[in-house]
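Written below as structure tokens is the structure these notes are about.
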Amino acid sequence: MFKTRATFNHAVRSFFDSKDYMEVETPLLSPFLIPEAAIEVFKTDYLKQGTAALPLYLIPSPELWMKRIITNNRRNIYQICKCFRNSEQLSQVHNPEFSMLEWYTVHADYIDSMKHAEELITYLHKCLKLKPLVSFGNEQISLEPPFLRISMDEIFNRVLGITLDDLDDYNNLRQSCLKHDLMVSSDDSWEQLFHKLFLSCIEPHLPQNKPLFLYDYPDRIPTLAKQKQGGLYAERWELYIGGIEIANCYTEETDQEKILKFYKGEVQRKQQSLVNHDIDWGLLDFLSHFPPCSGVALGMDRLLMIVYEISHIKEVMFSSFHEMIRSGKL
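To get this note's numbering, take the position in the sequence shown, counting from 1, and add 239.
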């Protein structure tokens with residue numbers, strides 16, 4: 240697996256180097272983070288005798304540092320690094336510490352990034368001399384282009400016979416959840432209900448024979464993705480392969496008022512998190528000079544699993560939390 244990962248990482252770097260992206264390396268420990276209420280983080284302290292402990296956090300994504308680099312240098316960049324997310328269920332595709340490939344393309348949008356992601360995986364398929372069809376789960380997956388492209392509105396209509404316009408109304412969304420026997424609480428927000436419906440009724444029915452770009456997510460899900468013209472959707476996609484989410488992409492928001500609104504909303508929701516953290520307010524200053532840009536975050540371990548037909552994430556890692564638990568270390 241050491242050799243396999245080294246070959247895999249080298250191929251990824253070769254792809255981006257050939258397209259004149261600059262590789263960067265940024266801190267894994269940070270005194271502040273971008274507020275994201277849906278992500279729990281790991282906290283630690285820097286200890287120095289005679290001074291108060293300095294709270295530090297393991298990054299869930301290198302985004303906060305990479306966006307500073309883009310603001311100062313205005314060029315395409317990429318990075319392969321470790322990221323950390325707390326309080327997530329261990330599973331075949333989940334580990335609290337994982338490898339992330341993150342890249343940003345200046346003067347590009349999420350449609351451009353679809354093309355880049357498809358080109359990357361097509362390049363890896365040829366460079367690594369993978370089989371024409373890879374077996375993952377019960378599926379035979381073709382990694383040959385073109386990949387599938389389906390909007391969120393289309394997939395809801397195809398699977399449930401309803402549109403996202405219908406679900407924009409809270410009561411309609413709640414009734415749809417109840418109709419499909421989902422557990423619904425009176426305290427559930429629109430976002431919580433939407434995720435319940437999507438994860439239970441849509442995700443299991445996504446096409447799995449080819450990679451799928453699922454695009455145009457509801458704008459009511461708070462992110463730093465640019466709002467699509469018309470207002471209901473965000474310029475965002477997620478890439479699924481074999482039914483597993485592999486990557487997430489935005490056309491990055493550059494409107495200062497919308498970014499500040501996102502920050503304030505997430506800071507308020509973050510008060511309910513298991514681990515609260517200091518906020519990266521300084522990023523707002525950088526984003527006021529941020530060029531038009533699209534960013535992609537891709538899970539390297541998951542992609543490695545799929546292309547080499549490995550069923551469990553622990554098999555592509557030197558040591559996983561699953562093995563620590565089994566050995567009694569956790």
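Glycine included, every Cβ here is placed at the ideal spot set by N, Cα and C. Being a predicted model, the structure only gives us computed values, none of them experimental.
Sort the options by Cα distance to residue i and report the nearest one.
i, options, result
"residue 294", "281, 302, 306, 305", "281"
"residue 548", "481, 490, 472, 528", "481"
"residue 440", "399, 422, 464, 407", "399"
"residue 259", "485, 355, 321", "355"
"residue 535", "340, 245, 423", "340"
"residue 412", "389, 519, 390, 437", "437"
"residue 533", "418, 245, 346", "346"
"residue 335", "391, 540, 388", "540"
"residue 245", "566, 397, 557, 561", "557"
"residue 528", "559, 493, 503", "493"
"residue 363", "551, 241, 249, 483", "249"
"residue 393", "257, 520, 309, 405", "405"
"residue 559", "408, 331, 271, 284", "331"
"residue 418", "435, 443, 426", "435"
"residue 296", "518, 544, 443", "518"
"residue 501", "458, 402, 325", "458"
"residue 270", "563, 516, 552", "516"
"residue 382", "261, 525, 479, 461", "479"
Using DSSP with H/G/I as helix, E/B as strand and the rest coil, what is residue i?
i, result
"residue 327", "coil"
"residue 534", "strand"
"residue 421", "coil"
"residue 551", "coil"
"residue 556", "coil"
"residue 476", "strand"
"residue 449", "coil"
"residue 566", "coil"
"residue 441", "helix"
"residue 460", "coil"
"residue 485", "strand"
"residue 369", "coil"
"residue 499", "helix"
"residue 507", "helix"
"residue 406", "helix"
"residue 415", "helix"
How would you write the range of the beta strand (DSSP E) that residue i sits in, first residue to last?
i, result
"residue 273", "Per DSSP, residue 273 belongs to no beta strand (DSSP E) and is neither H nor E."
"residue 362", "First-last for residue 362: 349-366, but that is the alpha helix (DSSP H), not the beta strand (DSSP E)."
"residue 401", "Counting along the chain, residue 401 falls outside any beta strand (DSSP E), and DSSP gives it neither H nor E."
Output needed for residue i: all residues of its chain with C-beta closer than 6 Å, excluding positions within five of it in sequence on either side, in chain order.
i, result
"residue 499", "none"
"residue 369", "546"
"residue 265", "301, 304"
"residue 286", "292"
"residue 359", "254"
"residue 390", "454, 455"
"residue 342", "317, 535"
"residue 566", "none"
"residue 333", "327"
To which residues does DSSP link residue i through a beta bridge?
i, result
"residue 374", "379"
"residue 390", "454"
"residue 624", "Here the chain has residues from 240 to 569 only, and residue 624 is not among them."
"residue 525", "Note: residue 525 sits in no beta bridge, so no partner."
"residue 333", "330"
"residue 316", "261, 343"
"residue 490", "533"
"residue 322", "337"
"residue 279", "325"
So the alpha helix (DSSP H) residue i belongs to, where does it begin and stop?
i, result
"residue 464", "Careful: residue 464 lies outside any alpha helix (DSSP H) and carries neither H nor E."
"residue 312", "302-312"
"residue 251", "241-257"
"residue 519", "From DSSP, residue 519 is part of no alpha helix (DSSP H); its letter is neither H nor E."
"residue 543", "539-546"
"residue 436", "429-436"
Leaving out five residues before and five after residue i in sequence, what residues of the same chain have Cβ atoms less than 7 Å from its Cβ?
i, result
"residue 386", "357, 449, 450, 451, 452"
"residue 276", "505, 508, 509, 512"
"residue 474", "348, 349, 464, 465, 467, 489, 490"
Less than 8 Å between C-beta atoms, sequence neighbours within five positions excluded: which residues of the same chain meet that for residue i?
i, result
"residue 522", "273, 303, 306, 307"
"residue 338", "319, 320, 321, 322, 538, 539, 540"
"residue 374", "380, 548"
"residue 367", "246, 247, 250, 546"
I'd like to know whether the C-beta of residue i is nearer than 8 Å to at least one C-beta of chain C.
i, result
"residue 481", "Of the chains in the structure shown, none is chain C; there is only one protein chain."
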